[in-house]
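Residue numbers (this note's numbering): 20 to 84. Note that beta-carbon positions come from the ideal geometry of N, C-alpha and C, so glycine has one too.
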């Protein structure tokens, strides 16, 4: 079974603010959703069923991130 860890370490010191911080956050969020969608799509129908999902659930799950 594959695991996907999308946790990020907290930044230390001076935190980026403003437009670029939001932009970076959006890029991270987009990439996390992309990686999650890709990982779930690689699972077989049986594996998805084992975790209580179907192929049709993948987009709805990814939108929650």
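Cβ neighbours of residue i in the same chain (closer than 7 Å, five flanking residues each side left out)
i: residue 73; result: 67
i: residue 48; result: 84
Cα-Cα separation between residue i and residue j, rounded to whole angstroms
i: residue 96; j: residue 64; result: Here the chain has residues from 20 to 84 only, and residue 96 is not among them.
i: residue 69; j: residue 53; result: 22 Å
i: residue 25; j: residue 51; result: 6 Å
i: residue 76; j: residue 37; result: 35 Å
i: residue 42; j: residue 71; result: 34 Å
i: residue 40; j: residue 46; result: 10 Å
Sequence-distant residues of its chain with Cβ nearer than 8 Å to residue i (five each side left out)
i: residue 22; result: none
i: residue 78; result: 56
Residues near residue i in its chain [Cβ-Cβ closer than 6 Å; skip 5 each side]
i: residue 59; result: 77
Residue range of the alpha helix (DSSP H) that includes residue i
i: residue 77; result: 77–82
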